[in-house]
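Enquirer: Residue numbers (full-length UniProt numbering), protein chains in the order written: chain A, 1 to 239; chain B, 1 to 271.
1. Tell me whether the region 115–130 of chain B and the region 203–213 of chain A touch, counting them as touching only if at least three CB pairs, one residue from each stretch, are closer than 8 Å.
2. For residue 87(A), list the residues DSSP reports as bridge partners.
3. Given 8 Å as the limit, is there contact between the region 32–49 of chain A and the region 165–180 of chain A, that is, 3 or more CB pairs closer than that?
4. So residue 109(B) and residue 210(B) are supposed to be a Cβ contact under 8 Å. How far apart are they, rounded?
5. Check the Cβ of residue 56(A) against every Cβ in chain B and list those closer than 7 Å, keeping chain order.
6. Just how far apart, CA to CA, sit residue 191(B) and residue 161(B)?
7. Since residue 207(B) is in the alpha helix (DSSP H), which residue starts that stretch and which ends it?
8. Is there at least one non-hydrogen atom of the ligand ZN closer than 7 Å to the beta-carbon of residue 19(A)?
9. Just the chain A side, please: which residues come within less than 9 Å of residue 241(B) by C-beta, in chain order?
10. Closer than 7 Å by beta-carbon distance: list the chain B residues that pair up with residue 176(A), in chain order.
11. Interface residues of chain D around residue 253(B) at Cβ under 8 Å?
12. Output, in sequence order along the chain, the residues in the region 196–227 of chain A whose CB is closer than 8 Å to any CB in chain B.
13. How would you list, in chain order, the residues of chain A whose beta-carbon sits under 9 Å from the beta-carbon of residue 234(B)?
14. Quick check on residue 36(B): does DSSP put it in helix, strand or coil?
15. Could you tell me the distance, in whole angstroms, from the CA atom of residue 135(B) to the CA atom of residue 141(B)?
16. Within the region 188–239 of chain A, note down every full alpha helix (DSSP H) run reaching 4 residues or more, in order along the chain.
17. Thinking just about the alpha-carbon of each residue, which of 92(A), 71(A), 102(A) and 228(A) is nearest to the one in residue 85(A)?
18. What are the complete alpha helix (DSSP H) segments, minimum 4 residues, inside the region 104–165 of chain B?
19. Can you name, in chain order, every residue of its own chain whose Cβ lies under 7 Å from the Cβ of residue 65(B), other than the five neighbours on each side?
20. Less than 6 Å between C-beta atoms, sequence neighbours within five positions excluded: which residues of the same chain meet that for residue 9(A)?
21. Alpha carbon to alpha carbon, how far is residue 237(B) from residue 35(B)?
22. Measure the CB-CB distance between residue 156(A) and residue 125(A) and report whether it falls below 8 Å.
23. Whose C-alpha, out of 104(B), 91(B) and 93(B), is nearest the C-alpha of residue 81(B)?
24. Hey, would you say residue 29(A) sits closer than 8 Å to residue 172(A), going by beta carbons?
25. Distance, Cα to Cα, residue 223(A) vs residue 151(B)?
26. Where residue 33(B) and residue 240(B) are concerned, what is the direct C-alpha to C-alpha distance, given to the nearest angstrom?
27. Could you round the C-beta distance between residue 210(A) and residue 186(A) to whole angstroms and report it? I think they count as a contact, below 8 Å.
28. Would you call the CB atoms of residue 277(B) and residue 252(B) closer than 8 Å?
29. Looking only at DSSP bridge pairs, what is residue 220(B) linked to?
30. For the region 154–169 of chain A, which residues have a CB atom closer than 9 Å to at least one CB atom of chain B, in sequence order?
31. Pull up the distance between the alpha-carbon of residue 239(A) and that of residue 227(A), whole angstroms please.
32. Could you name the residues of chain A that residue 244(B) contacts, counting a contact when the two beta carbons are closer than 8 Å?
33. What is the rounded straight-line gap between the Cα of residue 14(B) and the Cα of residue 27(B)?
34. Report yes if the CB atom of residue 8(B) is closer than 8 Å to the CB atom of residue 50(A), and no otherwise.
35. Just to confirm the assignment, what range does the alpha helix (DSSP H) spanning residue 164(A) have?
36. Relative to the C-alpha of residue 107(A), which residue among 191(A), 27(A) and 83(A) is closest?
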């Protein structure tokens, strides 16, 4: 039924497209993952201050980004930031061109999307921390900040890690949508290849396998990190 | 402590209310200073964006097609996910391991890539016993979106079944129930309650993902946004984007809030 022909893979042009695509996907994923984690930590940190107006602003941010399609967010970001946004004049050609490339727009939009999810993850990590630990810290005479940095933050980070793994793998998968705004990542080059050789099914299967492999490696590494960071005798790793 | 808690929430709510009011004021001010002609364009196109036809009837696409797509996909995903979830809980490794493999493959693949792959892997029609079953793009989109959703739903089922205290198993076993009876009469009725929030969250996620179906070429809200709006001015497009973003938000946010409320209610009954 399926007669798959992968002889086109021998072509160096296709090989280099695939390699460049994977590298750009990894770059986009790395940048947006780091930014999303930072946004998540800062957001959750801001929530612990319990300032009502800040809390409301963060909630609005989280809900808007969680409840709208990331594809639409990306298109909107690309459109507003690149087409309508800041323009610079190219010194060589004298033409006006957008300051932010498609890649930058995708990175910004994915960072915000991932950041909104990460805020939720870290917030629930802080919330589900056992009260007894905080009370023990208070009883030992820790100051508010020492308690946060030495007790609450390390434990909350570890509680939030499984949720963060989910978010980062979700974010990695979402980077494929950047192809829609012509970011030259793996999915974009997949389109280039099958438009060239018409081996659509073969290309899509290969790309699917590459993505699954990359995401599996990511989740494996995060599981390793989880085990490495685990406190002896505390949490899931203890059992 | 209790009153402080309440006043904090009340304060937060009032700030959120103020923010909503600020958005309304901004829209009015913007409309008064030239935005109204753009909003008028959005108003003219609104029936098209919602139903796919300029007069609002018949429904041929648009946001309503996204809703229909999400419902159809969710139905398929629920059936598939239940089978997959039960298979991953099977005692026999012959059933369990392949189910795990398929589940993890689907969970680790990007929705967009999976949708694209389904678009090309599924033939245009299948012949079974002389009957020709056509596969229009809509059906392909349903299947392409249902597969990752099913994998996620099977994970929800597994989590819910495993969250039932092991004492329940031991009690049922000591009463002489068979494994099948334990599932049917003891475990699943309880697990079912805990699945519902996860199922609803998954539906909201699926609804958001229906935006991807634009790659299959069906006339969903994004396709219409991209094609028929090429003739609008650049400024007006911002208003169109905001309108479509708001459609998704208005549909998904209430579901997310309801799911969270249920989740909190279910958390209490830890037997």
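Note that beta-carbon positions come from the ideal geometry of N, C-alpha and C, so glycine has one too.
Expert: A quick look at the data gives this:
1. yes
2. 98(A)
3. yes
4. Wrong, their Cβ atoms sit about 17 Å apart, outside the cutoff.
5. 12, 15, 16 and 19
6. 5 Å
7. 188–209
8. Of the ligands one can find in the structure shown there are none, so the ligand ZN has no counterpart to examine.
9. Within chain A, the residues near residue 241(B) are 72, 75, 76, 79 and 80.
10. 110, 112 and 113
11. Protein chains A and B are contained in the structure displayed, whereas chain D is not.
12. 200, 201, 204, 205, 207, 208, 211, 212, 215, 216 and 219
13. 79, 83 and 84
14. helix
15. 10 Å
16. 200–229
17. 102(A)
18. List check, alpha helix (DSSP H) in window: 111–121 and 137–162.
19. The residues are 52, 218, 219 and 220.
20. none
21. Distance between the alpha carbons of residue 237(B) and residue 35(B) is about 12 Å.
22. yes
23. Taking only the C-alpha atoms, the option nearest residue 81(B) is 104(B).
24. yes
25. Roughly 20 Å between the two C-alpha positions.
26. 18 Å
27. About 7 Å; that satisfies the 8 Å criterion.
28. Outside the modelled stretch of chain B, which goes from 1 to 271, sits residue 277(B), for which no answer is possible.
29. 62(B)
30. 169
31. Confidence in residue 239(A) is poor, its pLDDT being 38 and thus under 50, which makes the residue's placement unreliable; the coordinate value appears in the next sentence. The alpha-carbon separation between residue 239(A) and residue 227(A) amounts to approximately 12 Å.
32. 72
33. Each residue's Cα considered, the two are about 20 Å apart.
34. yes
35. 153–174
36. 27(A)
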